[in-house]
Amino acid sequence: MPYKNRKDLPDRVKDNLPTHGQEIYKEAFNSAWGQYKDPEDRRGEASREEVAHRVAWSAVKEVYEKQDGDWVRAD
């Protein structure tokens with residue numbers, strides 16, 4: 022289920038990431054959703070949605086890091 026806009030993101034994403042981080046998450050999730058539609062493209066028994074969420078968090082962590090409970094731009 023790709024996300025059309027930021028308001029559709031899971032609460033744990035909206036409540037924790039800054040706006041730019043949410044955009045990164047949304048775009049990465051949607052890209053992975055398309056890329057990993059076939060089960061043979063995924064490792065193990067992970068669902069399409071699970072893989073897309075993992076990819077999205079990885080993309081966010083390329084730009085942001087968690088400091089004192091807040092997501093801030095990485096140096």
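Going from the sequence shown to the working numbering is simple: count from 1 and add 21. Even glycine gets a Cβ: it sits at the ideal position worked out from N, Cα and C. Here the structure is a predicted model, which is why all the values come from computation and not from measurement.
Report buried or exposed for V81, applying the criterion of at least 16 other Cβ atoms within 10 angstroms of its Cβ.
buried
Is it the case that the Cβ atoms of N51 and Y85 are separated by a distance below 8 Å?
no
Please return the same chain residues whose Cβ sits closer than 8 Å to the Cβ of K58, not counting the five positions on each side in sequence.
R69
Return the first residue and the last residue of the beta strand (DSSP E) that R94 is part of.
D91 to R94
Are the CB atoms of A53 and V34 nearer to each other than 8 Å?
No, the Cβ-Cβ distance between A53 and V34 is not below 8 Å.
Check for me: the alpha helix (DSSP H) holding Y5 runs from which residue to which?
An answer regarding residue 5 cannot be provided, because it is not within the stretch 22 to 96 covered by the chain.
What residue from N37, M22 and D36 has the CA that sits closest to E48's CA?
M22
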